[in-house]
Amino acid sequence: MREVAVIGVGMTKFGKFMGTSLKDLGRMACLAALKDANISPKEVQVGYCGNAVSGVMTGQTMVLGQLIMRDLGIVGIPITNIENACSSGSSAFREGWIAVASGLYDVALVVGVEKLYASDTGKTVQALAGASDVEVEGGLGLIMPGVWAMRANKHMEKYGTTIDQLAKVSVKNHKNGCLNPNSQYQKECTLEEVHKARMICDPLTVLHCSPIGDGAAAAVLCSKERAARYTSKPILIAASVLTTGTYDILRDITSNELERRAAKEAYELAGIGPGDISLAEVHDCFTIAEFLRCESLGLCPEGEYGQWIDRGWTEIGGRLPVNPSGGLLAKGHPVGATGVAQVAEVVWHLRGEAGKRQVQNAKVGLTHCSGGAIMGDTAACTVQILKK
Amino acid sequence: MEGIPFKEGLFSWPLAPGEQAFLLGNRCRSCEKIYFPRAAICPECLREDTLEDIKLGPRGKLYTYTVVRVPSPGFKIPYAFGYIDLPEGIRVCSQISALEPEKLKLGMDMELTIGPVREEGGKSIIGYLFRPVKG
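Chains A and B, in that order, are what the protein sequence lines are.
Note that the first sequence covers residues 18 to 405 in our numbering.
Note that the second sequence covers residues 8 to 142 in our numbering.
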């Protein structure tokens, strides 16, 4: 395997874009990434498109990647569409890495795209319910906020985690979102507002939950040797890992075994430890999720994220900034786009181009994206480590 | 009880008056692993002739739970939902039938019951639920 660099990234703002199609969103993100890489679409040799639910939401059940890239003149090359629940975009990114690392291709274009807003919200609920086994769990009444609410209650029982500590994740990420022009929400919230918001699944109010959204993100990957042709600031992919759950039915749900395993493999591949990470973009689909991710990824000891939050250690300027983009909670979560947008965020920080939310002296960044719920476990998990 | 079972082969149905309800799983005679819902083949042994049907429950302990307050098509809100650990070494997710969900406590004893879990096309969909053991 050879070294691979990210030479360009781009994304649309995340939000509600009823009049903008999936193709439009995807094309805008791809164009931004290609311009950022200073590369012609004609030089792209392989393409991957991550998307989760366009089939249900828009009827576009197939060939989305080909449609998006055709509009940019990217034709006559291998293009593959990837679905892996919330890890769809990050799984597409990993395929791009494999394609270039293997030596088969020199330049890959990866796009993640999603539209979740619809005139009928029942459609969105139905589409996202497909992230579990629809024959069993979904039909009995299990929904994703419920899964995470149950994890929150168990984490509170086991570690004494408080509702204030959980709510502080939302306060932090909404504050960060105000510094990110691409963020769906650009409004701060107070602890009291989080507590008093509409209850979704006890103890999680709506401000503990990431919103639905539309958006796209893209990245151009290139072999390290060739990267210098296009950029003076290549960002290297030090590790890219994908794994699935083991569905151990009696496991402790306050920790995610597959995330521990994926992170261990990623740190080994990158030749670093969690202490070397300058910033992390983790999958905070719910406030409690940021707890479990940071603990399972080894970024903080198990059960101690509440203390980290109390001390402000994961704020921008803290010991390990987590979700400086605003995370899923504020930046938004157009499912298929999320994993690629996380990569874009880390690339901007490592290049020193993250504007008001810039993490100082950022050298190594981690992105984490998990998706799907099967038998109380997680279906897919990706971890990428990027470095200057 | 009128209604359509949520899924065939998941729980005892229909029940005769006074008959005890169970969840329906299976067990591999070769490696002794237990599956719920029933496995079509034991993924540990990959032999089709090692599985035998077994009954699971009716008692268990509440591992964790929540109260769902957002609507999904067919479900009457609010409803409690949780994971129940069965003594056979299986954890199942289930709606919880509780008149006072605020009195639910992690670790409490639960028992299986059969009843409506949602509606579809004007008809009750029958599934399994757990409720706190009385007394």
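Ideal Cβ placement from N, Cα and C applies to all residues, glycine included.
Inset, instruction - Look at the Cβ atom of A/Glu319, then the Cβ atom of A/Ser272, and state whether they are nearer than 8 angstroms. - result: Position 302 of the first sequence holds residue 319 of chain A. Position 255 of the first sequence holds residue 272 of chain A. Cβ atoms of A/Glu319 and A/Ser272: closer than 8 angstroms.
Legend entry - the segment 169-187 of chain A in contact with the segment 134-149 of chain A per 3-pair CB rule at 8 angstroms: No: fewer than three Cβ pairs fall under 8 angstroms.
Inset, instruction - Can you give me the start and stop residues for the beta strand (DSSP E) that A/Asp231 sits inside? - result: Looking up residue 231 of chain A in the first sequence gives position 214. Per DSSP, A/Asp231 belongs to the beta strand (DSSP E) from Asp231 to Ser240.
Inset, instruction - Establish whether the CB of A/Asp181 and some CB of chain B are separated by less than 8 angstroms. - result: Here residue 181 of chain A is taken as the residue at index 164 of the first sequence, counted from 1. For A/Asp181, the answer is no, since every Cβ of chain B falls outside 8 angstroms of its Cβ.
Legend entry - Where the beta strand (DSSP E) containing B/Gln102 begins and where it ends: Within the second sequence, the letter at position 95 stands for residue 102 of chain B. Start and end: Ile97 to Ile103.
Legend entry - Where the beta strand (DSSP E) containing A/Ala102 begins and where it ends: Translated into positions along the first sequence, residue 102 of chain A becomes position 85. First-last for A/Ala102: undefined, no H or E at that position.
Inset, instruction - Look at the alpha carbon of A/Pro341 and the alpha carbon of A/Ile326, and state the distance between them as a whole number of angstroms. - result: Counting from 1 along the first sequence, the entry for residue 341 of chain A is found at position 324. Counting from 1 along the first sequence, the entry for residue 326 of chain A is found at position 309. Their backbone Cα atoms lie some 14 angstroms apart in a straight line.
Legend entry - Proximity winner among A/Tyr122, A/Ala109 and A/Glu100, relative to A/Met18 (alpha-carbon distances): Mapped onto the first sequence, residue 18 of chain A falls at position 1. The candidate whose alpha carbon is nearest that of A/Met18 is A/Tyr122.
Inset, instruction - Going by CA-CA distance only, name the one from A/Leu221, A/Val117 and A/Val376 that's closest to A/Met167. - result: In the first sequence, counting from the first residue as 1, residue 167 of chain A sits at position 150. Nearest of A/Leu221, A/Val117 and A/Val376 to A/Met167, Cα basis: A/Leu221.
Inset, instruction - Using a Cβ cut-off of 8 angstroms (strictly closer), state whether A/Pro318 contacts chain B. - result: In the first sequence, residue 318 of chain A corresponds to position 301, counting from 1. For A/Pro318, the closest Cβ of chain B is not nearer than 8 angstroms.
Legend entry - A/Ser272, enclosing beta strand (DSSP E) - first and last residue: For the purposes of this step, residue 272 of chain A is identified with residue 255 of the first sequence, where counting begins at 1. Looking at the DSSP string, A/Ser272 is not in any beta strand (DSSP E), and its letter there is neither H nor E.
Inset, instruction - Can you tell me which of A/Glu242, A/Val142 and A/Cys317 puts its alpha carbon nearest to the alpha carbon of A/Val23? - result: In the first sequence, residue 23 of chain A corresponds to position 6, counting from 1. Per the Cα distances, A/Glu242.
Inset, instruction - Hey, could you find the ends of the beta strand (DSSP E) A/Thr179 is sitting in? - result: Taking the first sequence and counting its residues from 1, one reaches residue 179 of chain A at position 162. No beta strand (DSSP E) contains A/Thr179, which DSSP labels as neither H nor E.
Inset, instruction - Give me whichever residues DSSP pairs with B/Thr123 in a beta bridge. - result: Here the question's residue 123 of chain B lines up with position 116 in the second sequence. The amino acid at residue 123 of chain B is misidentified as Thr; the sequence shows Pro. Under the DSSP definition of a beta bridge, B/Pro123 partners with B/Ile133.
Legend entry - Cβ-Cβ distance between A/Cys386 and A/Gly356 below 8 angstroms: Against the first sequence, residue 386 of chain A aligns to sequence position 369. Against the first sequence, residue 356 of chain A aligns to sequence position 339. Yes, these two residues count as a Cβ contact at 8 angstroms.
Inset, instruction - Say whether chain A places a C-beta atom closer than 8 angstroms to the C-beta of B/Arg34. - result: Along the second sequence, one-based indexing puts residue 34 of chain B at 27. Answer no: the Cβ-Cβ gap between B/Arg34 and chain A never drops below 8 angstroms.
Legend entry - Beta-carbon proximity check, A/Leu133 vs A/Ile229, cutoff 8 angstroms: Indexing the first sequence from 1 puts residue 133 of chain A at position 116. Indexing the first sequence from 1 puts residue 229 of chain A at position 212. In contact: A/Leu133 and A/Ile229 (Cβ atoms closer than 8 angstroms).
Inset, instruction - May I have the straight-line CA-CA distance separating B/Ala28 from B/Leu17, to the nearest angstrom? - result: Start at 1 with the first residue of the second sequence, and residue 28 of chain B comes out as number 21. Start at 1 with the first residue of the second sequence, and residue 17 of chain B comes out as number 10. Whole-angstrom Cα-Cα distance: 11 angstroms.
Legend entry - Proximal residues to A/His172 (C-beta, below 7 angstroms), its chain only, five neighbours per side dropped: Along the first sequence, one-based indexing puts residue 172 of chain A at 155. Cβ within range, chain order: Thr178, Thr271, Ile305 and Phe308.
Inset, instruction - Grab me the residues of A/Glu210's own chain with a C-beta within less than 7 angstroms of its C-beta, minus the 5 sequence neighbours each way, in chain order. - result: Taking the first sequence and counting its residues from 1, one reaches residue 210 of chain A at position 193. Around A/Glu210: Leu224.
Legend entry - One or two residues paired with A/Thr399 in a DSSP bridge: In the first sequence, residue 399 of chain A corresponds to position 382, counting from 1. A/Leu259 and A/Cys386, per the DSSP bridge assignment.
Inset, instruction - Answer yes or no: does any C-beta atom of chain B fall closer than 8 angstroms to that of A/Lys40? - result: Locating residue 40 of chain A in the first sequence gives position 23, counting from the first residue. Closer than 8 angstroms: no.
Legend entry - Inter-residue Cα distance where the pair is A/Glu20 and A/Ile254: Locating residue 20 of chain A in the first sequence gives position 3, where the first residue counts as 1. Locating residue 254 of chain A in the first sequence gives position 237, where the first residue counts as 1. Near 7 angstroms, if we compare the C-alpha coordinates of A/Ile254 and A/Glu20.
Inset, instruction - For A/Gly25, collect the residues of the same chain with a Cβ closer than 6 angstroms to its Cβ; drop the 5 residues on either side in sequence, then sort them by chain order. - result: Within the first sequence, residue 25 of chain A is the residue found at index 8, counting from 1. Contacts found: Ala50, Asp53, Ala54 and Val237.
Inset, instruction - Quick one: grab the DSSP three-state call for A/Val92. - result: By one-based count along the first sequence, residue 92 of chain A stands at place 75. Here A/Val92 sits in coil by DSSP.
Legend entry - Distance between beta carbons of A/Asn199 and A/Lys30, contact taken as under 8 angstroms: Taking the first sequence and counting its residues from 1, one reaches residue 30 of chain A at position 13. Taking the first sequence and counting its residues from 1, one reaches residue 199 of chain A at position 182. Yes, they are in contact, since the Cβ atoms of A/Lys30 and A/Asn199 sit about 5 angstroms apart, within 8 angstroms.
Legend entry - Interface flag, A/Ala166 vs chain B, CB-CB below 8 angstroms: The residue labelled residue 166 of chain A in the question sits at position 149 within the first sequence. Yes, A/Ala166 lies at the interface with chain B (some Cβ there is under 8 angstroms from its Cβ).
Inset, instruction - Please go through the same chain and pick out, in chain order, the residues whose beta-carbon is closer than 7 angstroms to the beta-carbon of A/Tyr284, but skip the five residues on each side of it. - result: Counted from its first residue, the first sequence places residue 284 of chain A at position 267. Hits under 7 angstroms: Gly290 and Pro291.
Legend entry - Pick from A/Leu39, A/Glu131, A/Cys195 and A/Ile91 that is closest to A/Gln375, judged by C-alpha positions: Within the first sequence, numbered from 1, the residue matching residue 375 of chain A stands at position 358. Measuring from the Cα of A/Gln375, the nearest candidate turns out to be A/Cys195.
Inset, instruction - Count the CB pairs spanning the segment 41-49 of chain A and the segment 107-120 of chain A that are closer than 8 angstroms, and state whether there are at least three. - result: As far as the Cβ criterion goes, the segment 41-49 of chain A does not touch the segment 107-120 of chain A, which means the pair count is below three.
Inset, instruction - Flag this pair as yes or no: are the beta carbons of A/Ala233 and A/Val128 separated by less than 8 angstroms? - result: Stepping through the first sequence from its first residue, residue 233 of chain A is reached at position 216. Stepping through the first sequence from its first residue, residue 128 of chain A is reached at position 111. Result yes, Cβ atoms of A/Ala233 and A/Val128 sit closer than 8 angstroms.
Legend entry - chain A contact residues for B/Pro44, given Cβ-Cβ distances below 7 angstroms: By one-based count along the second sequence, residue 44 of chain B stands at place 37. Ordered by position in chain A, the residues that pass the 7 angstroms Cβ test against B/Pro44 are Val153.
Legend entry - Own chain partners of A/Val73 with C-beta closer than 6 angstroms, once the 5 adjacent residues on each side are dropped: In the first sequence, residue 73 of chain A corresponds to position 56, counting from 1. Cβ neighbours of A/Val73 beyond the five flanking positions: Ala144.
Inset, instruction - Indicate whether A/Gln401 and A/Val360 have their beta-carbon atoms separated by less than 8 angstroms. - result: The sequence position of residue 401 of chain A within the first sequence is 384, counting from 1. The sequence position of residue 360 of chain A within the first sequence is 343, counting from 1. Yes, they are a contact pair.
Legend entry - Under 7 angstroms by beta carbon: chain A residues contacting B/Leu30: Counting from 1 along the second sequence, the entry for residue 30 of chain B is found at position 23. By Cβ distance, chain A contributes nothing, its closest Cβ being about 12 angstroms from B/Leu30, past 7 angstroms.
Inset, instruction - Compare the Cα-Cα distances from A/Ser240 to each of A/Gly389, A/Gly64 and A/Gly120 and report the closest residue. - result: Within the first sequence, numbered from 1, the residue matching residue 240 of chain A stands at position 223. The candidate whose alpha carbon is nearest that of A/Ser240 is A/Gly120.
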